[in-house]
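Numbering (our numbering), first residue to last: 294 to 546. Every residue, glycine too, gets a C-beta built ideally from N, C-alpha and C. Take a look at the structure below.
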Amino acid sequence: MRLAHKRMLCILLLSLISPFSLAGQLSVAVAGNFYKALQMISAQYQEQTGDQILLSVGATGKLYAQISNGAPFEILLAADKASPGKLVEQGLAVQGSQFTYAKGKLLLWSGDPGLVDSAGEILKSPQIVHLAIANPKTAPYGAAAIDVLKNLGVYQQLKDKIVEGQSVGQSFQQISSGAVSLGIIALSQVVVDNKIASGSGWIIPATLYQPIEQDAVLLNKGTTNPIAKDFLRYLQTAECKEIIRSFGYEVEA
294 MRLAHKRMLC ILLLSLISPF SLAGQLSVAV AGNFYKALQM ISAQYQEQTG
344 DQILLSVGAT GKLYAQISNG APFEILLAAD KASPGKLVEQ GLAVQGSQFT
394 YAKGKLLLWS GDPGLVDSAG EILKSPQIVH LAIANPKTAP YGAAAIDVLK
444 NLGVYQQLKD KIVEGQSVGQ SFQQISSGAV SLGIIALSQV VVDNKIASGS
494 GWIIPATLYQ PIEQDAVLLN KGTTNPIAKD FLRYLQTAEC KEIIRSFGYE
544 VEA
């Protein structure tokens, strides 16, 4: 009788186990500009598969340094091509796994709805006190922002007014909090359904900066995790590409 009771108890317990408790996990390092888009993609993937995507966000240069020093990430979604390429060359990422998942755009943005004009002429104004950009040494969007200022011929007058964030995400926070009135950030940070959701902004012409091709790569630590390859395939589906476009990125067909 006792044995029968034990069997029934085991069956009952097994019936209460959620499929999600048996699901796997994947650790993804993601550049700050793509964080919001990846949150949406990850939530959709988890709903479909039950697998959990753990996101670690930061400037691409810092994520690269962490991976080089043994950080346990399994996938890198960078804001450039160079960092994933170097990881492949160094034997820390899988040869042939690198691909461009998005092409980023720059936005001159202010939380003040009336500050930024439709041609970015505000950059020539002597009234600018501070200009927020990401650290150009670690963040590709920061390096691209410097390209813009130089190509517009305003770098010399603005260089002492630049406030550098550790990442483009921090630069966005500086502006949205009101600590800095104006800055150059990723379009994806304030766009919803391809429209600037708040404040005022000028989408900077792509001719003013080097293309921001953002590449993904499978890291060595992800080679034994079947979710890693599956998630990278998912990132290239039409379903995901539509989400990525909705955040203002260009995506290859």
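- Glu-382 and Glu-545 have their C-alpha atoms some 25 Å from each other.
- Leu-475 sits close to Ser-403, with the two beta carbons spaced by under 8 Å.
- In this model, Glu-506 and Asp-373 are separated by some 5 Å (Cα to Cα).
- Separation of Ser-335 and Ile-346 (C-alpha to C-alpha, rounded to the nearest whole angstrom) is 6 Å.
- Exclusion of the five residues before and after Gly-384 leaves Asn-513 as the residues of its chain whose Cβ lies within less than 8 Å of its Cβ.
- DSSP places Lys-398 in the coil class of the three-state scheme, outside both helix and strand.
- Taking the Cβ atoms as the reference, Ser-464 lies roughly 5 Å from Ile-478, within the contact range of under 8 Å.
- Membership of Ala-427 in the beta strand (DSSP E) is indicated by the continuous run 424-427.
- Here DSSP, grouped into helix, strand and coil, assigns Lys-488 to strand.
- In the same chain as Pro-519, and ignoring 5 residues on each side of it, the C-beta atoms closer than 8 Å to its own belong to Gly-317, in chain order.
- Ile-537 and Leu-401 have their C-alpha atoms some 20 Å from each other.
- Take Ser-376, set aside five residues on each side of it, and the residues of its chain with a beta-carbon closer than 6 Å to its own are Thr-353 and Tyr-357, in chain order.
- The DSSP assignment places complete alpha helix (DSSP H) segments of no fewer than 4 residues inside the region 460-529 at 461-469 and 519-528, in order along the chain.
- Here Gln-388 is exposed. Its C-beta has fewer than 16 other C-beta atoms within 10 Å.
- Here Ile-368 carries a strand assignment [DSSP, helix/strand/coil].
- Residue state for Leu-445 is assigned as coil, using DSSP reduced to three classes.
- In the structure shown, Ser-539 adopts helical secondary structure according to DSSP, grouped into three states.
- Under DSSP, Leu-356 shares a beta bridge with no residue.
- Cβ-Cβ separation between Asp-486 and Phe-392: approximately 26 Å, too far for a contact (criterion under 8 Å).
- Its Cα nearest to that of Pro-429, the residue Tyr-502 stands out among Leu-416, Pro-419 and Tyr-502.
- Closest option to Ala-371, judged by alpha-carbon separation, among Ala-364, Asn-362, Gly-351 and Ser-361: Gly-351.
- Secondary structure at Ala-531: helix, using DSSP grouped into helix, strand and coil.
- Counting other Cβ atoms within 10 Å of its Cβ, Ala-432 reaches 16 or more and is therefore classed as buried.
- Judged by their CB atoms, Ile-426 and Ala-412 are not nearer to each other than the 8 Å cut-off.
- Contact annotation: Ala-386 and Val-483 have beta-carbon atoms that are not nearer than 8 Å.
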